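Numbering (UniProt numbering), first residue to last: 1 to 427.
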């Protein structure tokens, strides 16, 4: 499978108008308490030692002296990273070793040191601006008899809003493979929590309305949409569950980030896996034909998704960490100009599109061929994934079977229809 992977860049906007964000701070190495000698060519950084001060002072140092490091990493890790950032910012050798983007480094540090940070930490971690998706062909199996159309799964939700109750409890924390249609492609990906086959993991009662047949539903012979609240009575939560956090008006699970574009008219939350996984095969008849050029089906190997839920509660974060805010103005003028260009192009395209859009089409509801279909009987063996890794990380999410190493990003290759690919989704 790995030998047949193709790579492609997929962007919500044309490449010529995509905004490339400059790193907020360019940092370099994890050293402190160092003796710096100078030469004719500048500072000599070869004699640096480890960050002993940041590991032994402040709340983080006090915690390490009395309890397990994993607890300290989750409770006081941000103070440690702020100390590291300050040490690097005042150093004359910040080009010694390659931490090229502090935002990525922070996410990677928590991934390896505290895989599921608390909500308060998640609101401080900067959101990724692009997501790399590795795709591969989907294996199918032929059933021995006719496929019986399952009924829409209905179950009372176990979650009760208020009181900080967790939503991803029990079986809801495991990942199950699900078909998700994005209009011109069907993704076969691991989903955590609420999906079409686990309504008890949703924060509200799921609608039992049947989906009309004969409307181009190429995904499955049964329900193929994201779960929706019954009668749309509760389309927003007053507050996020205890194991979720608020980001841009949406609740995402801790350890997950908001995806950079909508999938099936909804913007999910995502968590990247350090290594690619091999999904189970799909029963023939429940998947789009992988050789059908009009609707290819591709397995997602390196990302797990979770539904995001709108919230009417407080959506502003308490602010970025010290490391993320240092140098935040670098390139701000360039980014602002680029954003203005993007907005202008978007408005022109939107105006042109509206001229040929039938009345009411702008408020197009979720269609059966653009949604979610649960693949019964198949579950990923592990729990929720963790934040995106830095390339080359050896971290593996607990209990998830790993095959193939991820890494290697290349632009400009178009995948064959129904084959693998490598997509970059950029905000």
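Idealized CB from N, CA, C, for every residue including glycine. Model, not experiment: these values are computed from the prediction.
For residue 204, the secondary structure class from DSSP, reduced to helix, strand or coil, is coil. Contact annotation: residue 300 and residue 187 have beta-carbon atoms nearer than 7 Å.
Under the criterion of beta carbons closer than 8 Å, residue 254 and residue 117 qualify as touching, at roughly 6 Å.
Of the other Cβ atoms in all chains shown, 16 or more fall within 10 Å of the Cβ of residue 107; this residue is therefore buried.
Annotation: the region 78-144 contains the following complete segments of the alpha helix (DSSP H) (minimum length 4 residues), in chain order: 102-113 and 119-122. Taking a contact as a CB-CB distance under 8 Å, the pair residue 77 and residue 113 counts as one, their CB atoms being some 6 Å apart.
In this structure the region 166-173 does not lie against the region 121-135, because fewer than three pairs of beta carbons, one per stretch, are closer than 8 Å. Judged by their CB atoms, residue 140 and residue 263 are not nearer to each other than the 7 Å cut-off. Between the alpha carbons of residue 74 and residue 119 lies a distance of about 11 Å. Cβ-Cβ distances below 8 Å link residue 156 to 200 and 205 in the same chain, with the five nearest sequence neighbours on each side left out; the list follows chain order. Annotation for residue 60: no beta strand (DSSP E) segment contains it, though the alpha helix (DSSP H) segment containing it runs 58-64.
Taking each of 101, 309 and 297 in turn and checking the Cα distance to residue 256, the smallest one comes out for 309. DSSP places residue 179 inside the beta strand (DSSP E), whose first and last residues are 175-181. Taken through DSSP and simplified to helix, strand or coil, residue 54 comes out as helix. Partner residues in the beta bridge of residue 311, as assigned by DSSP, are 237.
Just so you know, the alpha carbons of residue 306 and residue 194 end up roughly 7 Å apart. Classified as buried, residue 88 has 16 or more neighbouring CB atoms from the shown chains inside 10 Å of its CB.
Cβ atoms of residue 203 and residue 167 come within 8 Å of each other, at about 6 Å. Leaving aside the five residues that flank residue 228 on each side, the residues in its chain whose CB is nearer than 6 Å to its CB run, in chain order, 207. Residue pairing by DSSP places residue 247 opposite 250 in a beta bridge. The continuous beta strand (DSSP E) containing residue 297 extends over residues 297-306. For residue 190, the three-state secondary structure derived from DSSP is strand. DSSP places residue 270 in the uninterrupted beta strand (DSSP E) bounded by 269-272. In the three-state DSSP reduction, residue 69 falls in the helix class (H, G or I).
Here residue 275 carries a strand assignment [DSSP, helix/strand/coil]. Within the DSSP bridge table, the entry for residue 257 names 270 as partners. Residue nearest to residue 100 within the set 132, 85 and 267 is 85 (criterion: CA-CA distance). 7 Å or more divides the Cβ of residue 297 from the Cβ of residue 237. In the DSSP assignment, residue 229 is bridged to 206.
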